[in-house]
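Novice:
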Amino acid sequence: SKNISSEITKYENKELKELINSYILSSDKILAKIIVDHKSPFLKSIIINKGSKDGIKIGTNIYDQSYLVGRVIELNYKSSRVLLLSDLNSNVPVSIAPQNIQAIITGTGDNFGQIKYIKDGFSEQLNEKSIIYSSGTGAIFKSGIPVGRVKIAEDNKSKKFYVEFFSDFSQLKYVFAEVVVEEKMNISNQE
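Residue 109 in the working numbering sits at position 109 of the sequence shown; the count goes up by one each step and never skips.
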């Protein structure tokens, strides 16, 4: 049933994209093994055994099952370096549900992220049941990919909002790379 629903959605998307574009994007996830895990206090990256020969490109989204873990930042023929969401250099535009609040999460160098750049007043709506998804803003990451859950830390003066990632990046052995292919459409005069 799930597969049939997924196929129906794909066909609907293809039909709608035919109306607005002359091409469609299709994607496949390929399994990659982590061959090097760079452990440093702040920099969090991994090297996977898939590269340009496998269709990987700079910016390719990397998943742990269906959870977002990072993106490719360096590319070789047979391997790629992936910047994890927990890295200090990582910034991801996100949507926080169910409140539908837009923000950016940054890596902390630890196994959690921090919510930053949220519009004044909106942070008061967040609670620990709020779920964080990629928003797709900036076209760096696909939209709607689960990232983590909100964690709130309070002291006497202020609240800080963190992200508890759904994936434990220290335990990754295998990941999925999403290879996107652009296909030209044959536009015909159909009623």
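Cβ atoms here follow ideal geometry from the backbone N, Cα and C, with glycine treated the same way.
#1: First and last residue of the beta strand (DSSP E) that includes G148?
#2: For Q195, which option in I34, Y133, N13 and L43 has the closest C-alpha, if you only look at C-alpha atoms?
#3: At what residues does the beta strand (DSSP E) containing K50 begin and finish?
#4: Counting C-beta neighbours from all protein chains within 10 Å, is the total for A177 16 or more, i.e. buried, or is it exposed?
#5: Counting C-beta neighbours from all protein chains within 10 Å, is the total for D64 16 or more, i.e. buried, or is it exposed?
#6: By the 10 Å Cβ neighbour count, where 16 or more other Cβ atoms means buried, how is I145 classified, buried or exposed?
#7: Could you compute how far the alpha carbon of F122 sits from the alpha carbon of K53?
#8: Using beta-carbon positions only, say whether N111 and F169 come within less than 7 Å of one another.
#9: Pick from I104, G109, T108 and E124: whose alpha carbon is nearest that of K116?
Specialist: Quick answer:
#1: As a first step, residue 148 must be located in the sequence shown, where it is residue number 148. Here the beta strand (DSSP E) through G148 covers P146 to E154.
#2: Outside the displayed range of the chain (1 to 191) lies residue 195, so it cannot be described from this structure.
#3: As a first step, residue 50 is located in the sequence shown; it is residue number 50 there, counting from the start. Careful: K50 lies outside any beta strand (DSSP E) and carries neither H nor E.
#4: Locating residue 177 in the sequence shown gives position 177, counting from the first residue. Per the 10 Å Cβ criterion, buried.
#5: The count along the sequence shown starts at 1 and reaches residue 64 at position 64. Result: buried.
#6: As a first step, residue 145 is located in the sequence shown; it is residue number 145 there, counting from the start. Buried, by the Cβ-count rule.
#7: Indexing the sequence shown from 1 puts residue 122 at position 122. Indexing the sequence shown from 1 puts residue 53 at position 53. Computed Cα separation, rounded: 45 Å.
#8: The sequence position of residue 111 within the sequence shown is 111, counting from 1. The sequence position of residue 169 within the sequence shown is 169, counting from 1. For N111 and F169, yes; Cβs fall inside 7 Å.
#9: In the sequence shown, residue 116 corresponds to position 116, counting from 1. The candidate whose alpha carbon is nearest that of K116 is I104.
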